[in-house]
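Numbering (the numbering used here), first residue to last: 388 to 658. Take a look at the structure set out below.
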């Protein structure tokens, strides 16, 4: 008897041939069918609507979605925007570094789209010293690494939750590992800001801002699914906003200093 077709929100693990990104949050949306399960021809409105499953506000959701749908810019032009380009195209100029779409990349209906593996473009939203991925110079900056996920789960000091202090200690260890293992390491400024904001998002989306249950982290990073079976549900009474994330990310970045020196503030993630 054939199985019932998967509904939007149903979880199914990634299949051979499916495309995924270095971002666990986006991959989980594909595994749950909130965006195309095969990871191909994803539209901005699909990704934005999917991101709301994490309880994010509309402004923060938009800031995390629309920049990556900009077309890729040659590296030597990203920092050379003219005053006219800035005036004529302020959004595209401000967020040019985050664009991963190929020029004129559209689906069969002519709508701008991207494939999830394009998010692995180095130093767009992907960066070195990931908690669960290898660095770009190490050959595969996209696939989750089982040992790194095991290290993440083992970072809990009490075996039940992963606290801010646990995340900070883990990130310091990862930085030292990659300094030794990657002679081409790039991790300062914007990369540090992104890394701190990612930890802040985990703590705010799946926890109380101070700690997050280990079983939630395991479901999310190891299985690639929303930890609903473990008891998690998204925020109901207020959405997660930019200021709330930036306040916590700034705290995390301060705790990391001087191990990881940043020259760009955490707000540079979206400004």
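Here a beta-carbon is modelled for each residue, glycine too, at the ideal position from N, C-alpha and C.
C-beta contact flag for residue i and residue j at 9 Å
{"i": "residue 516", "j": "residue 561", "result": "yes"}
{"i": "residue 588", "j": "residue 441", "result": "yes"}
{"i": "residue 417", "j": "residue 425", "result": "yes"}
{"i": "residue 401", "j": "residue 414", "result": "yes"}
{"i": "residue 412", "j": "residue 607", "result": "yes"}
{"i": "residue 540", "j": "residue 601", "result": "yes"}
{"i": "residue 620", "j": "residue 504", "result": "no"}
{"i": "residue 521", "j": "residue 530", "result": "yes"}
{"i": "residue 612", "j": "residue 398", "result": "yes"}
{"i": "residue 451", "j": "residue 628", "result": "no"}
{"i": "residue 592", "j": "residue 434", "result": "no"}
{"i": "residue 512", "j": "residue 410", "result": "yes"}
{"i": "residue 514", "j": "residue 590", "result": "no"}
{"i": "residue 492", "j": "residue 500", "result": "yes"}
Buried/exposed call for residue i, threshold 16 Cβ in 10 Å
{"i": "residue 471", "result": "Any answer about residue 471 is weak, because its pLDDT of 43 lies below 50 and its placement is not dependable; what the coordinates show is given next. Classification for residue 471: exposed."}
{"i": "residue 476", "result": "Confidence in residue 476 is poor, its pLDDT being 46 and thus under 50, which makes the residue's placement too unreliable to answer from."}
{"i": "residue 639", "result": "buried"}
{"i": "residue 445", "result": "exposed"}
{"i": "residue 585", "result": "buried"}
{"i": "residue 657", "result": "In this prediction, residue 657 scores a pLDDT of 32, lower than 50, which makes its location untrustworthy; the coordinate-derived value is nonetheless stated afterwards. That one is buried."}
{"i": "residue 544", "result": "exposed"}
{"i": "residue 438", "result": "buried"}
{"i": "residue 622", "result": "exposed"}
{"i": "residue 478", "result": "In this prediction, residue 478 has a pLDDT of 44, which is less than 50 and means its spatial position is unreliable; what the coordinates show is noted afterwards. With fewer than 16 Cβ atoms within 10 Å of its Cβ, residue 478 is classed as exposed."}
{"i": "residue 392", "result": "exposed"}
{"i": "residue 630", "result": "exposed"}
{"i": "residue 641", "result": "exposed"}
{"i": "residue 644", "result": "exposed"}
{"i": "residue 502", "result": "buried"}
Cross-strand partners of residue i (DSSP beta bridge)
{"i": "residue 488", "result": "458"}
{"i": "residue 509", "result": "513"}
{"i": "residue 500", "result": "430"}
{"i": "residue 493", "result": "499"}
{"i": "residue 550", "result": "598"}
{"i": "residue 451", "result": "The partner list for residue 451 (beta bridge, DSSP) is empty, contrary to what the question assumes."}
{"i": "residue 443", "result": "627"}
Endpoints, beta strand (DSSP E) assigned at residue i
{"i": "residue 533", "result": "Note, residue 533: premise wrong, no beta strand (DSSP E); alpha helix (DSSP H) at 533-541."}
{"i": "residue 519", "result": "Premise fails: residue 519 is in no beta strand (DSSP E) and is neither H nor E."}
{"i": "residue 598", "result": "598-600"}
9 Å Cβ cutoff, residue i in contact with chain B
{"i": "residue 421", "result": "As a matter of chain content, chain B is missing from the structure shown, which is built from one protein chain."}
Residue i: first and last residue of the uninterrupted alpha helix (DSSP H) it sits in
{"i": "residue 632", "result": "629-643"}
{"i": "residue 590", "result": "577-593"}
{"i": "residue 418", "result": "411-418"}
Are at least three pairs of beta-carbons, each pair with one atom in the segment 524-531 and one in the segment 543-561, less than 8 Å apart?
-> With contact defined as three or more Cβ pairs closer than 8 Å, the segment 524-531 and the segment 543-561 are not in contact.
Counting pairs of beta carbons, one from the segment 506-514 and one from the segment 453-461, are three or more of them closer than 8 Å?
-> Note that the segment 506-514 touches the segment 453-461; at least 3 beta-carbon pairs, one per stretch, sit closer than 8 Å.
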